[in-house]
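Using numbering that gives the first Met the number 0, you'd call the opening residue of the sequence shown number 0 and step up by one each time.
Presented below is the structure to which this report refers.
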Amino acid sequence: MLYRDLLQQLNGTWAFERYSPGQATMAGTAVIAAIDPDLSSYEERGTLTTAEGRSFQFTRKYRYRATEESFDILFDENPPRLYQSVKLVHEDGGWIGSGFHLCSPDEYRSDYSFDPPDSFTTTHHVTGPRKSYRIETRYSRTSG
0 MLYRDLLQQL
10 NGTWAFERYS
20 PGQATMAGTA
30 VIAAIDPDLS
40 SYEERGTLTT
50 AEGRSFQFTR
60 KYRYRATEES
70 FDILFDENPP
80 RLYQSVKLVH
90 EDGGWIGSGF
100 HLCSPDEYRS
110 DYSFDPPDSF
120 TTTHHVTGPR
130 KSYRIETRYS
140 RTSG
């Protein structure tokens with residue numbers, strides 16, 4: 000199964016760099032760990048540096064779930080709530096897809112590019128009356 004295989008390939012430790020042009024940069028480490036064959040935890044820790052030069056520590060958690068039809072990103076809540084469901088297509092040796100999340104009244108449209116086993120990229124385009132920015136994150140494997 001494509002999504003289960005991808006999920007298992009993502010398990011491990013990743014360094015990441017995140018950019019939100021004109022707003023902030025972030026860098027840190029993400030750990031993706033199997034809970035079962037179709038579910039993994041995602042936890043990142045890092046430093047956010049604002050455009051003004053102030054720095055903050057941050058932590059973020061999600062769950063990644065493989066289904067027969069999609070790769071799902073869930074908020075790490077009890078019970079877990081769907082953030083985005085991504086259907087992937089094979090392109091240039093990797094996998095690409097997109098997702099959508101409405102955080103009313105703002106929208107998160109996201110692009111995913113997985114180049115297993117060593118890198119992946121996410122780009123979130125956030126638009127609406129309260130928000131308007133882009134966030135790009137590049138991941139590089141540090142361990143399996």
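All residues carry an ideal CB built from backbone N, CA and C; glycine is no exception.
Just so you know, these numbers come straight off a predicted model, no measurement behind them.
Item to check | Alpha carbon of SER139 to alpha carbon of SER118, nearest angstrom | outcome: So the two alpha carbons sit approximately 5 Å from each other.
Next on the checklist: Helix, strand or coil for ASP75? Go by DSSP, reduced to three states.
Outcome noted: In this structure, ASP75 counts as coil in the three-state DSSP scheme.
Next on the checklist: Please state the DSSP three-state secondary structure of ARG140.
Outcome noted: Looking at ARG140 - three-state DSSP - the assignment turns out to be strand.
Checklist entry - Along the chain, where does the alpha helix (DSSP H) that runs through SER3 open and close? => result Note that residue 3 is Arg in the sequence shown, not Ser. First-last of the alpha helix (DSSP H) with ARG3: 1-9.
Checklist entry - Where does GLY96 fall in DSSP's three states? => result Residue state for GLY96 is assigned as strand, using DSSP reduced to three classes.
Item to check | Identity of the residue in GLY127, GLY11, GLU68 and PHE57 nearest VAL85 by Cα | outcome: When GLY127, GLY11, GLU68 and PHE57 are compared, the shortest CA-CA separation from VAL85 is found for GLU68.
Checklist entry - Taking the Cβ atom as the reference point for each residue, do GLU16 and ALA26 lie within a distance shorter than 9 Å? => result Against a cut-off of 9 Å, the Cβ pair of ALA26 and GLU16 comes out as a contact.
Item to check | Residues near TYR2 in its chain [Cβ-Cβ closer than 7 Å; skip 5 each side] | outcome: The beta carbon of TYR2 lies closer than 7 Å to those of ALA65, THR66, SER69 and PHE70 in the same chain, with the five residues before and after it left out.
Checklist entry - With TYR107 and VAL88 assumed to form a contact (beta carbons below 8 Å), what rounded beta-carbon distance in angstroms separates them? => result With 8 Å as the limit, TYR107 and VAL88 do not qualify as a contact, their Cβ atoms being about 20 Å apart.
Checklist entry - Between the C-alpha atoms of ASP105 and PHE99, what's the straight-line distance to the nearest angstrom? => result Across the structure, ASP105 and PHE99 are spaced so that their CA atoms are roughly 11 Å apart.
Checklist entry - What residues in its chain sit with their C-beta under 7 Å from that of ALA32, if we drop five residues either side in the sequence? => result Cβ within range, chain order: ASN10, SER39 and SER40.
Next on the checklist: Whole angstroms are fine: how far does the CA of ARG44 sit from the CA of GLY52?
Outcome noted: Inter-residue distance for GLY52 and ARG44 is about 19 Å (C-alpha atoms, whole angstroms).
Next on the checklist: Once the 5 residues before and after THR28 are set aside, which same chain residues still bring their CB inside 8 Å of it?
Outcome noted: Excluding positions up to five away in sequence, the list reads THR12, TRP13, ALA14, PHE15, GLU43, ARG44, GLY45 and THR141.
Checklist entry - Which one or two residues does DSSP pair with SER19 in a beta bridge? => result According to DSSP, which records beta bridges pairwise, SER19 is partnered with ALA23.
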